[in-house]
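Colleague: In my numbering, the protein residues as written are 163 to 441.
Just so it is clear, CB atoms sit at the ideal spot from N, CA and C, and this is done for glycine as well.
Bear in mind the structure is a predicted one, so any value in this text is a computation, not a measurement.
Before we start, here is the structure in question, set down as structure tokens.
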Amino acid sequence: MKLTILIDNYTISGGCYGAESGFSAWFEDRGKTVLLDAGRSDMFMKNAWRRGIDCLQADAIVLSHGHYDHTWGLLPLVQAHIEATYEKRPRIAAPVYAHPDTFLPKEAGGKNIGSILDEASLNAVLPVHTTKEPVWLTDRLVFLSEIERTNDFEAKKPLGHTMRNGVWEDDYLYDDSAMVYCSDKGLVIVTPCAHAGVCNTIAYAKKVCHTDTVYAVIGGFHLLRDNPDVMRKTLDFIEGCQPELVYPCHCVSLENKTLLARELPVKELGTGTRLRFDE
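Okay, structure coming up:
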């Protein structure tokens, strides 16, 4: 499996890639390609082009949740699909997999932080499939969809509000999800934002994939604030999983990256990073 980071808050040294506060990644596994999230602009497509990737050729698209920095890039992607159809250029009308709450309106502090495109508008160009259950995209690559929240220290506070049945309610981001690759060495867990909690995500990945062996944890861990108690429990949990590789990015503060690096095998990651597993 090959994993390419198309968008992160930072870019790797030596590359000519754009960075923005957001996340997008490209999976290649056994002849199938999957786009995970789309950042907040067309930057992920520009970076993909520099990496020799055509986003119009994705076999599937997965949305980790509905926040703007993971979904606003869908607008230029849809535009590119429409233009390709008009100009009779090749494209794949890839199925889009997401949790049912992904397209609900979301706000925080009076600002729209949800998707620009609603489900119907996206479905007019790319078929949308919403589910709370895991979806296996290849025999080794799975979209977890709704993540079980089983510990006592993560995902306890809402982030803004979401509108359900015409009523605003606290948003606990039940749409938050992740992707998992079952490698020969253990699970490779990619958490774009981990609003459900990175530890909850790891635990659920183990359950879905029927193994306790974790090889790598990659992505945003939603560790932006100074909370020593949560950080200590997070460190203890991840350390107990004994991963060989940890790549914190996106929504992890520099201070918390430093704390993670003191106790875990942390590696650098940014826009343009390409990782290979079982190759």
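So the candidates are D333, E331, C355 and G328; which of them puts its Cα closest to the Cα of M341?
Modeller: Locating residue 341 in the sequence shown gives position 179, where the first residue counts as 1. Ranking the options by Cα distance to M341, first place goes to C355.
Colleague: In this structure, how does DSSP classify S159 when only helix, strand and coil are distinguished?
Modeller: What is shown of the chain runs 163 to 441, which leaves residue 159 out entirely.
Colleague: Name the residue from D337, M205 and C217 whose alpha carbon lies nearest to the alpha carbon of Y259.
Modeller: For the purposes of this step, residue 259 is identified with residue 97 of the sequence shown, where counting begins at 1. The shortest Cα separation from Y259 among D337, M205 and C217 belongs to D337.
Colleague: Are three or more beta carbon pairs between the stretch 310 to 328 and the stretch 281 to 295 nearer than 8 Å?
Modeller: no
Colleague: Based on the DSSP output, what are the partners of W330 in its beta bridges?
Modeller: Translated into the one-based positions of the sequence shown, residue 330 becomes position 168. For W330, which the question treats as bridged, DSSP gives the partners M325.
Colleague: For Y336, which of helix, strand or coil comes out of DSSP?
Modeller: By one-based count along the sequence shown, residue 336 stands at place 174. Here Y336 sits in coil by DSSP.
Colleague: Would you tell me roughly how many angstroms separate the C-alpha atoms of L306 and H372, rounded to the nearest one?
Modeller: On the sequence shown, residue 306 is found 144 positions in, with the first residue counted as 1. On the sequence shown, residue 372 is found 210 positions in, with the first residue counted as 1. L306 and H372 have their C-alpha atoms spaced approximately 13 Å apart.
Colleague: I'd like the span of the alpha helix (DSSP H) that includes V304, first residue to last.
Modeller: The sequence position of residue 304 within the sequence shown is 142, counting from 1. It is not in any alpha helix (DSSP H) - V304 instead sits in the beta strand (DSSP E) that spans L303 to F305.
Colleague: Assess contact between the stretch 428 to 437 and the stretch 399 to 414, defined as three or more Cβ pairs (one per stretch) separated by less than 8 Å. Is contact present?
Modeller: yes
Colleague: Please report how far the alpha carbon of T166 lies from the alpha carbon of K368, in whole angstroms.
Modeller: In the sequence shown, the residue the question calls residue 166 occupies position 4. In the sequence shown, the residue the question calls residue 368 occupies position 206. If I take the Cα positions, the gap works out to 23 Å.
Colleague: Measure the CB-CB distance between I223 and T433 and report whether it falls below 8 Å.
Modeller: The residue labelled residue 223 in the question sits at position 61 within the sequence shown. The residue labelled residue 433 in the question sits at position 271 within the sequence shown. Result no, Cβ atoms of I223 and T433 do not sit closer than 8 Å.
Colleague: By the 10 Å Cβ neighbour count, where 16 or more other Cβ atoms means buried, how is H291 classified, buried or exposed?
Modeller: The residue labelled residue 291 in the question sits at position 129 within the sequence shown. With a threshold of 16 other beta carbon atoms within 10 Å, H291 falls short and is exposed.
Colleague: Going by DSSP in three states, W234 sits in which element: helix, strand or coil?
Modeller: One-based indexing of the sequence shown puts residue 234 at position 72. Coil, per DSSP.
Colleague: Along the chain, where does the alpha helix (DSSP H) that runs through D141 open and close?
Modeller: Nothing about residue 141 can be reported from this structure: the residues present for the chain run from 163 to 441 only.
Colleague: Any chance the stretch 193 to 200 sits against the stretch 262 to 280, with 3 or more Cβ pairs inside 8 Å?
Modeller: no
Colleague: Residues in its own chain within less than 6 Å of M207 by CB, not counting five upstream and five downstream?
Modeller: Stepping through the sequence shown from its first residue, residue 207 is reached at position 45. Result list for M207: C217, in chain order.
Colleague: Determine the DSSP secondary structure at H291, reduced to helix, strand or coil.
Modeller: Position 129 of the sequence shown, counted from the first residue, corresponds to residue 291. In this structure, H291 counts as strand in the three-state DSSP scheme.
Colleague: Answer with buried or exposed for L266, where buried requires no fewer than 16 other C-beta atoms within 10 angstroms of its C-beta.
Modeller: Mapped onto the sequence shown, residue 266 falls at position 104. With a 10 Å radius around the Cβ and a threshold of 16 neighbouring Cβ atoms, L266 comes out buried.
Colleague: Enumerate in chain order the residues of its own chain whose CB-to-CB distance from D374 is below 7 Å, with the five nearest sequence positions on each side excluded.
Modeller: Here the question's residue 374 lines up with position 212 in the sequence shown. So the list reads K368, once near-sequence residues are dropped.
Colleague: So, are the CB atoms of N362 and A317 less than 8 Å apart?
Modeller: Taking the first residue of the sequence shown as position 1, residue 362 is located at position 200. Taking the first residue of the sequence shown as position 1, residue 317 is located at position 155. In this structure, A317 lies closer than 8 Å to N362 by Cβ.
Colleague: Buried or exposed for T353, please, with buried defined as at least 16 other CB atoms from any protein chain shown within 10 angstroms of its CB.
Modeller: Here the question's residue 353 lines up with position 191 in the sequence shown. Its Cβ being crowded by 16 or more others within 10 Å, T353 is buried.
Colleague: Taking 8 Å as the cut-off, decide whether the C-beta atoms of I254 and D204 are in contact.
Modeller: The count along the sequence shown starts at 1 and reaches residue 254 at position 92. The count along the sequence shown starts at 1 and reaches residue 204 at position 42. Against a cut-off of 8 Å, the Cβ pair of D204 and I254 comes out as no contact.
Colleague: Could you tell me the alpha carbon to alpha carbon distance between P427 and V329, rounded to whole angstroms?
Modeller: As a first step, residue 427 must be located in the sequence shown, where it is residue number 265. As a first step, residue 329 must be located in the sequence shown, where it is residue number 167. Computed Cα separation, rounded: 44 Å.
Colleague: Mind reading off the beta-carbon distance from T396 to L386? Whole number of angstroms is fine, and I expect it under 8 Å.
Modeller: Indexing the sequence shown from 1 puts residue 396 at position 234. Indexing the sequence shown from 1 puts residue 386 at position 224. The beta carbons of T396 and L386 sit about 13 Å from each other, so the pair does not count as a contact at 8 Å.
Colleague: In the DSSP assignment, what are the bridge partners of R436?
Modeller: Translated into positions along the sequence shown, residue 436 becomes position 274. Beta-bridge pairing links R436 to T166.
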